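Protein sequence lines, in the order shown, are assigned to chains A and B. Add 58 to a position in the first sequence, counting from 1, and you land on the number used in this note's numbering. Add 32 to a position in the second sequence, counting from 1, and you land on the number used in this note's numbering. Backbone N, C-alpha and C fix where the C-beta goes; we use that ideal spot for every residue, glycine too. Quick caveat: nothing in here was measured; it's all calculated off a predicted structure.
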Amino acid sequence: MNGSNLVVYEDEFKKIDEELNNLHRQANAKVVFLVDKSGQLISSVGATHDLDTTSLASLTAGNIAATGSIAKILGEQEFTILFHEGEKDNLHISLVGERIILVVIFDQRTSIGLVRLRVKKVTENLEKIFEEMTQKAEQEKLESKLEDSPFAEISDEDIEKLFM
Amino acid sequence: MSFINYSSRELNCKIVYYGPGLCGKTTNLQYIYNKTNPQQKGKLISLATETERTLFFDFLPLALGEIKGFKVRFHLYTVPGQMFYAASRKLILKGVDGVVFVADSQAERMDANMESLDDLQINLSEQGYELYSLPFTMQYNKRDIPEVVPIEALNEAVNTTNVPEFEAVATTGVGVFETLKDVCRQVIFELKKHY
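Here it is in structure tokens:
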């Protein structure tokens, strides 16, 4: 798994979004988002308009990485749940499989108990989706659908344009 | 590890600036941040100590434009250079797509350069990567200081495999974008090989 790229196709993205929307609704959360362990934001739902989700994603991944290392020093495999309590907003961070992080931001309109319960259910569904996604990406690679790839034709000129 | 999203047509890649303490990694990111259009960049986040030494990492998201209809984003990170932050430094390399090694051109920092390069190789191999099979760019920083180590000697010490090298003065921006452009080019061509 380590080192392989994360490829998300339209169908799977819809399924992921649906799960996040369910969680957002059922847990009565403010914001729900998914990040991969390298800090890339995969998807977010809820009141994200005044949130810097890119920075949040990167810092969450840093947080998980740091606590993961603390866990190892203590002889634990990993801490699978992190909880941060604020005056108004709270943060529930948990792992989905080996490489995905699920973050829920919530306030007093709900409870940590409800959030944990809903997160558990959604995590099972998300794990299945990511499993399918990995298989699909491997399959596509095996069948080498390279001719369909948008990246096959990239030229020096395309890259030059990025810096103009 | 790049993240390719076919649904939102986005391509996200992670680049890490590595090197010994005070070699100018954060200065590279600060210069890029200051010279980039507001619509192309996110916040520059620095997790630093009170004396402005990097404690965990600096982070700068850049949205460069589009390639083949995909929005291309590069996330730039630095590591804390000081030796005793070894445990944190390792974590930043998780999911890296390309590495810039910022070497300090001063003679008295040559040992620190070599030590940091060894540390980079060890940390990458612990995560299952091999430095020289990754997109990798070398930057020789602080070329404005009098009596710096000649390029040939630097190459001999830290660039024996002849990866692309750039002379830089990160404080004034000399070589900063050239370095970034080179590592981005390598990362995108690496993707081209696989997808």
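At a cut-off of 8 Å between beta carbons, A/Thr192 makes no contact with chain B.
When 7 Å is used as the limit between beta carbons, A/Thr112 is near these residues of chain B: Gly74, Pro93, in chain order. For B/Arg217, the number of other beta carbons within 10 angstroms of its own is at least 16, and it is reported as buried. Close to B/Ile220, with beta-carbon spacing below 7 Å, are these residues of chain A in chain order: Ile212, Ile217. When Cβ-Cβ separations below 8 Å define contact, A/Gly104 makes no contact with chain B. Of all residues in the stretch 120-135 of chain A, the ones placed with a Cβ closer than 7 Å to any Cβ belonging to chain B are Gly120, Ala123, Ala124, Ser127, in chain order. A distance of 8 Å or more separates the beta carbons of A/Lys95 and B/Lys57. For B/Arg105, the beta-bridge partners assigned by DSSP are B/Asn44, B/Ala95. DSSP places B/Gly56 in the coil class of the three-state scheme, outside both helix and strand. In the DSSP assignment, B/Val219 falls within the unbroken alpha helix (DSSP H) covering 208-226. In this structure B/Tyr63 does not touch B/Gly160 by the C-beta definition: roughly 32 Å separates them, more than the 8 Å allowed. Assigned with DSSP and collapsed to three states, B/Tyr164 falls in helix.
When the Cα atoms are used, B/Arg105 and B/Leu96 turn out to be separated by approximately 6 Å. Shown here, B/Ser137 sits in coil according to DSSP, grouped into three states, outside any helix or strand. DSSP places A/His107 outside both helix and strand once states are collapsed to three, so it counts as coil. Under the 10 Å beta carbon count, B/Asn145 is surrounded by 16 or more other beta carbons and is classified as buried. Spanning the alpha carbons of A/Glu198 and A/Val66 requires a straight line of approximately 12 Å. DSSP, read as helix, strand or coil, puts B/Ala119 in helix. Note on geometry: alpha-carbon atoms of A/Leu114 and B/Thr110 lie some 17 Å from one another. The beta carbon of A/Gln166 sits closer than 8 Å to the beta carbons of Lys146 from its chain, once the five residues preceding and following it are set aside; these are given in chain order. For B/Lys46 and B/Gly130, the gap between their C-alpha atoms comes out near 7 Å. In the displayed model, B/Tyr38 falls within coil according to three-state DSSP, outside both helix and strand. With a minimum length of 3 residues, the unbroken runs of beta strand (DSSP E) contained wholly in the stretch 138-193 of chain A fall at 139-143, 148-154, 158-164. Close CB contacts of B/Val181 within its chain, under the 6 Å cut and outside five residues either way in sequence, are with Ser137, Ala139 (chain order). Looking at B/Asn194, B/Ile77, B/Ser157, B/Thr86, the one whose alpha-carbon comes closest to that of B/Gln171 is B/Asn194.
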